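What follows is a short report on a single structure.
Protein chains: 2
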Amino acid sequence: MKLYDGGRAPNPRRVRIFVAEKGVTVPTEQVDLGKLEQRSATYKAINPMQRVPALVLDDGTVIAESIAICRYFEALQPDPPLFGRGALDSALIEMWNRRAELHLLFPVAMVFQHLHPAMKIMVDPQVADWGEANKPRVFEFLRFLDGELKDRPYVAGSAFTVADITALVAVDFMRVSKMVVPEDLVHVRRWHEAASSRPSARA
Amino acid sequence: MKLYDGGRAPNPRRVRIFVAEKGVTVPTEQVDLGKLEQRSATYKAINPMQRVPALVLDDGTVIAESIAICRYFEALQPDPPLFGRGALDSALIEMWNRRAELHLLFPVAMVFQHLHPAMKIMVDPQVADWGEANKPRVFEFLRFLDGELKDRPYVAGSAFTVADITALVAVDFMRVSKMVVPEDLVHVRRWHEAASSRPSARA
Numbered sequence: 001m002k003l004y005d006g007g008r009a010p011n012p013r014r015v016r017i018f019v020a021e022k023g024v025t026v027p028t029e030q031v032d033l034g035k036l037e038q039r040s041a042t043y044k045a046i047n048p049m050q051r052v053p054a055l056v057l058d059d060g061t062v063i064a065e066s067i068a069i070c071r072y073f074e075a076l077q078p079d080p081p082l083f084g085r086g087a088l089d090s091a092l093i094e095m096w097n098r099r100a101e102l103h104l105l106f107p108v109a110m111v112f113q114h115l116h117p118a119m120k121i122m123v124d125p126q127v128a129d130w131g132e133a134n135k136p137r138v139f140e141f142l143r144f145l146d147g148e149l150k151d152r153p154y155v156a157g158s159a160f161t162v163a164d165i166t167a168l169v170a171v172d173f174m175r176v177s178k179m180v181v182p183e184d185l186v187h188v189r190r191w192h193e194a195a196s197s198r199p200s201a202r203a
Numbered sequence: 001m002k003l004y005d006g007g008r009a010p011n012p013r014r015v016r017i018f019v020a021e022k023g024v025t026v027p028t029e030q031v032d033l034g035k036l037e038q039r040s041a042t043y044k045a046i047n048p049m050q051r052v053p054a055l056v057l058d059d060g061t062v063i064a065e066s067i068a069i070c071r072y073f074e075a076l077q078p079d080p081p082l083f084g085r086g087a088l089d090s091a092l093i094e095m096w097n098r099r100a101e102l103h104l105l106f107p108v109a110m111v112f113q114h115l116h117p118a119m120k121i122m123v124d125p126q127v128a129d130w131g132e133a134n135k136p137r138v139f140e141f142l143r144f145l146d147g148e149l150k151d152r153p154y155v156a157g158s159a160f161t162v163a164d165i166t167a168l169v170a171v172d173f174m175r176v177s178k179m180v181v182p183e184d185l186v187h188v189r190r191w192h193e194a195a196s197s198r199p200s201a202r203a
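Chains A and B, in that order, give the protein sequences. When you line the first sequence up against the numbering used here, it's residues 1 to 203, in that order. When you line the second sequence up against the numbering used here, it's residues 1 to 203, in that order.
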């Protein structure tokens, strides 16, 4: 298999951290997003959605979408479980991963894509008002998450899961838009420090 | 258990169709979105994200996020499998469900939320340019999907899955924004007719 990776973009990093947590090694090829290589005919033949990451299996089957790739590795290498085990545990981890996507990673990405000058070549049209509208959503969710993390170590409960990976990547991606976790969100900051100190966070 | 439902909104319908396909009956309570009941203190205690649907279990545990609720029912009632079976099949269904969300349901929702006058009370701020920017994305994805459906009956392959539910709900939700599947997308139209003729589609 081969993983088409995309450097510092948040979604490729989600998969790299996931794979590192699993202790799996995957041959990787970089797609240079700065050069818009994801829009080349070669890459469009792999993923018509023109997004990274994408995983190509030995028989040529392509799995795109970060979480689909993560679920594939979860099935190949069940330990440690990052999507939970059992009906309820798995459902709650899915809920928290989606909350971290919809209310944190997605708004952070919108701020970046619609306000950062470097994204002008990629995002057409950039809608500055939409970028601005997403800033308060980021901080609202972080404040809500802070209340949740008062009573538990990780986003979805007592264990590190894919929801922590999504939230970590989102928080780290705030930096490119000069957004910072407010000082008073002490539980988010404690969680972020713990998640960042895992070897996988360097992925 | 009790399902907090939301009438004609697309996400509650996803769960209703899913549950109907499973042949499961769930006690339901309507949350009146027109009256902003999802923002009431009572409902915020159930789902702080102020969104429907939400499933409350007998011990009070809340599962929010449509796909998390669907996965819970998939675990309770595995037949018919709507998220696939086995590593590859499940990963491909996850990929197609996410494509249908990110490139179809989500853009359709953005067009509605940011352009429809009735949404002014719910969406603050409405960003008309962002609504407009999402229209071409809807039709681009439908055209791509048409090419895919030339060679297979359903969105993710030979079986009806959660990806069909997401895509069906998205296409039906185009109507409120006066968007129509173009006549020449014959494969999408054939698929839509087949999906719409299932008893679950009335949910």
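Note that beta-carbon positions come from the ideal geometry of N, C-alpha and C, so glycine has one too. Here the structure is a predicted model, which means the values were calculated and not measured.
DSSP bridge partner residues for residue i (one or two, in chain order)
i: B:V127; result: Note: B:V127 sits in no beta bridge, so no partner.
i: B:D5; result: B:Q30
Residue i in three-state terms, based on DSSP
i: A:T25; result: coil
i: B:A64; result: strand
i: B:G157; result: strand
i: A:A91; result: helix
i: B:L142; result: helix
i: B:V176; result: helix
i: A:V52; result: coil
i: B:P80; result: coil
i: A:D58; result: coil
i: A:P136; result: helix
i: A:G147; result: helix
i: A:S40; result: coil
i: A:N47; result: coil
i: B:M110; result: helix
i: A:V162; result: helix
i: A:M119; result: helix
i: B:P182; result: coil
i: A:A203; result: coil
i: A:S196; result: helix
i: B:R152; result: coil
Cβ pair residue i, residue j closer than 7 Å
i: A:V108; j: A:I69; result: no
i: B:V188; j: B:V181; result: yes
i: A:L3; j: A:P81; result: no
i: B:K28; j: B:D5; result: The residue asked about is misnamed: residue 28 of chain B is Thr in this sequence, not Lys. Result yes, Cβ atoms of B:T28 and B:D5 sit closer than 7 Å.
i: A:I63; j: A:L55; result: yes
i: A:M95; j: B:E140; result: no
i: B:Q126; j: B:K120; result: yes
i: A:Q50; j: A:Q38; result: yes
i: A:L142; j: A:L105; result: no
Close Cβ partners of residue i (< 6 Å) along its chain, the five nearest in sequence each way excluded
i: B:P10; result: V169, F173
i: B:Y154; result: F160, D164
i: A:V210; result: Residue 210 of chain A is absent from the model: chain A starts at 1 and stops at 203.
i: A:E101; result: T166
i: B:D146; result: L185, H187, V188
i: B:A195; result: D164, L168
7 Å CB neighbourhood of residue i in its chain, flanking five on each side removed
i: B:M110; result: W130, G131, N134
i: B:V162; result: F18, C70, L82, F83, I93, N97
i: A:R152; result: S158
i: B:A156; result: L92, I93, W96, A163
i: B:G86; result: none
Separation of residue j from residue i, as counted between CA atoms
i: B:A41; j: A:A118; result: 42 Å
i: B:A91; j: A:Y72; result: 5 Å
i: A:A201; j: A:E21; result: 9 Å
i: B:G23; j: B:R13; result: 15 Å
i: B:P199; j: B:R190; result: 17 Å
i: A:L36; j: A:D59; result: 27 Å
i: B:K209; j: B:R175; result: A query on residue 209 of chain B cannot be resolved here, the shown segment of chain B reaching from 1 to 203 and no further.
i: A:M1; j: A:M122; result: 28 Å
i: B:P78; j: B:G7; result: 26 Å
i: A:K178; j: A:L33; result: 21 Å
i: A:I46; j: B:V138; result: 21 Å
i: A:S197; j: A:A203; result: 12 Å
i: A:H116; j: A:D124; result: 13 Å
i: A:T61; j: A:E183; result: 46 Å
i: A:P48; j: B:F144; result: 8 Å
i: B:L88; j: A:L57; result: 10 Å
Proximal residues to residue i (C-beta, below 8 Å), its chain only, five neighbours per side dropped
i: B:L149; result: V155, H187, V188, R190, W191
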